[in-house]
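K.L.:
Chains as they are written, first to last, in the working numbering: chain A, 167 to 453; chain B, 167 to 453.
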DNA sequence: CAATTTTATTCGATTGATATGAATATAACG
DNA sequence: CGTTATATTCATATCAATCGAATAAAATTG
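1) Run the CB neighbour count on residue 420 of chain A, radius 10 Å, all protein chains shown included, and call it buried at 16 or more, exposed below.
2) What residues from chain A crowd round residue 241 of chain B, counting only those whose CB sits closer than 7 Å?
3) Can we say the stretch 297-315 of chain A touches the stretch 330-342 of chain A, given the rule of at least three CB pairs closer than 8 Å?
4) If you draw a straight line from the C-alpha of residue 431 of chain A to the C-alpha of residue 393 of chain A, how long is it?
5) What residue range is occupied by the uninterrupted beta strand (DSSP E) comprising residue 452 of chain A?
6) Across the stretch 264-280 of chain A and the stretch 400-412 of chain A, are there enough close Cβ pairs to call them in contact, namely three or more that are closer than 8 Å?
7) List the DSSP bridge partners of residue 429 of chain A.
8) Would you check if there are 3 or more beta carbon pairs closer than 8 Å linking the stretch 250-260 of chain A to the stretch 206-218 of chain B?
9) Can you grab the Cα-Cα spacing for the pair residue 236 of chain A / residue 177 of chain A, in whole Å?
10) In the DSSP output, what is residue 258 of chain B paired with across the bridge?
11) Determine whether the beta carbon atoms of residue 263 of chain A and residue 323 of chain A lie at a separation below 8 Å.
12) If you draw a straight line from the alpha carbon of residue 354 of chain A to that of residue 292 of chain A, how long is it in whole angstroms?
13) For residue 355 of chain A, which residues does DSSP report across the bridge?
14) Beta-carbon within less than 6 Å of residue 362 of chain B's beta-carbon, same chain only, minus the 5 sequence neighbours each way: which residues are those?
15) Of the residues B:349, B:245 and B:179, which one's Cα is nearest the Cα of residue 470 of chain A?
16) Which residues of chain B have a Cβ atom closer than 8 Å to the Cβ of residue 453 of chain A, listed in chain order?
17) Spatial neighbours of residue 167 of chain B within its chain, please: CB distance less than 7 Å, with the 5 preceding and 5 following residues excluded, ordered by chain position.
18) By a C-beta neighbour count over all protein chains shown, 10 Å radius and 16 as the cutoff for buried, is residue 316 of chain A buried or exposed?
19) Short of 7 Å Cβ to Cβ, which residues in the stretch 243-256 of chain B face chain A?
20) So, under 8 Å CB-CB, residue 171 of chain B and residue 204 of chain B are touching, yes? Tell me the CB distance rounded to an integer number of Å.
21) Which residues in chain A sit within 7 Å of residue 211 of chain B, going by Cβ to Cβ distance?
22) To the nearest angstrom, how far is it from the Cα of residue 367 of chain A to the Cα of residue 437 of chain A?
23) Checking contacts by CB at 8 Å: is residue 229 of chain B closer than that to chain A?
24) Is any beta-carbon of chain B found at less than 8 Å from that of residue 226 of chain A?
25) Beta carbons nearer than 9 Å to chain A: which residues of the stretch 281-300 of chain B have them?
26) Quick check on this structure: which residue in B:413, B:173, B:385 and B:230 has the alpha carbon closest to the alpha carbon of residue 201 of chain B?
27) For residue 217 of chain B, return the contacting residues in chain A, with the cut-off set at a CB-CB distance below 8 Å.
28) Determine, for residue 233 of chain A, whether the minimum Cβ-Cβ distance to residues of chain B falls below 8 Å.
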């Protein structure tokens, strides 16, 4: 038996829908459907009551899903054994730029607990520049920040990933197009003083031509996206955040210069006491 | 991840050899090798130290194998959920013909514990005819016997499987061939009075032409095979028992009439109090 | 209750994974 | 040191999984 069948079963039981599960697992609805059909055949049991749409888990299906959790947990423990970083011990102070913490911190934490059980972590969130300063002063061992312009070259900078910046607007304003929208709706601007804020400001200056209806500055990605959903205005933010927070009331548009990227990087002191652990910390940020 | 990779890992760790594991799992050595390579890649870990031949499990490999056991156990519990026979409750008295009990009883027991946790069983072993009699008298609810000639037609007979009868001889006598061997070595005959004994007697009368060196009657398959290993003489027994008990000192030969079969069947009283459970009992005899 | 939307299943085609057998390489054994 | 036992590699064939499009079925809406 293959555990990915069990994982999709679990996902379905979480989201109560084949289609949603398919999205979460990055595959087609058809694949999910086939997988569940396959699973039911292998087990020679009917896990779903297909008189309902979406199909509803049968009592047996529910029981199987519970056992499935046990299987994937056991599998996870097996894999953890292989990916442990036993040399990572002691206490680490790690900073996360606010705009990335929601996405990177949770997986970092679960990875850390699994793979570096002997290490302890203190977390701190803030603006890129402040975090950078603290790493330099030794108040933090490492920080995940937005790279903007030039970074202090006395720090070691490991680029972790690049995120496209995309526009998010209320669906009602979507058909207008970008240019028109700027004239009639306020732009929700993430703090222009921050690392990512500077990038946003730069792009708006370029594409907006200064012809902007009005500008609202906010310091919170979630709040901005809530405003978009409410129809207050439109915004420009990293794609993963937009995707994470958007619902069906939000239209997504891509800038003309679609090479507009925000770089997230891990900064450390190249010859600090925890320099040898940089790679290990970096590895905990993924998977 | 696919659990069959873990199962082969476990089998290898049991038998300490890729080749043996391949045999047990009914696949080629090459497949086993590929699977383990695959597993090591997936886990990004080296489970075997290939400076040894057969490869030796690394400490990590050993640890992984332990966790693998947990995974397959969890998987087994999941499958058990689906194959439960919840309507099989109460106490059942089941007989096994001695010559089949060693092979069928263990799997029956594990299946019963897994799939019919609410039922209790009493077991009894004996000769086919005696067991048949007890089923007829209601002293047993069911029995697995060797079908010989005509069975009492007041009993329900479900043929479970057919087993080929094969000769087993000490390797030293192997090259002689069957006819020659009969002239120089004693034949180890399983009790001629029993169901399977009758079949054996029948075949020996046919192929032996009465020209037999000598005949030793024994009532125990294991004992007969031990004698064969010791070089005492040769025998004719069901293939699965020979395969189970043979070692490299034993040569196996097939009768000219290789259609010679022994039928194992489940007999029950067609209208007894447990008649409705016959199918369920039958299903417990197999995987 | 019919029309429409949402959601899942089925189907054909393509792609990828896995097993096999033969050839090769490597460790173990006498 | 040659032989045997054992595992790996490679090419090939077979089988399974995924995708996208078409279809079917339940849920929702007017």
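In this text, a Cβ means the ideal position worked out from N, Cα and C, and glycines have one as well.
P.N.:
A quick look at the data gives this:
1) exposed
2) 167 and 237
3) no
4) 29 Å
5) Unbroken run through residue 452 of chain A: none, as it is neither H nor E.
6) yes
7) A:313 and A:328
8) no
9) 14 Å
10) B:287
11) no
12) 20 Å
13) A:383
14) 265, 312 and 428
15) There is simply no residue 470 of chain A to check, as chain A begins at 167 and stops at 453 in what is shown.
16) Going along chain B, no residue has its Cβ under 8 Å from residue 453 of chain A, so there is no contact; the nearest lies around 11 Å.
17) 208
18) exposed
19) 243, 244, 245, 247 and 248
20) 6 Å
21) 248
22) 35 Å
23) yes
24) yes
25) none
26) B:173
27) The contacting residues do not exist; residue 217 of chain B stays about 20 Å from chain A at best.
28) yes
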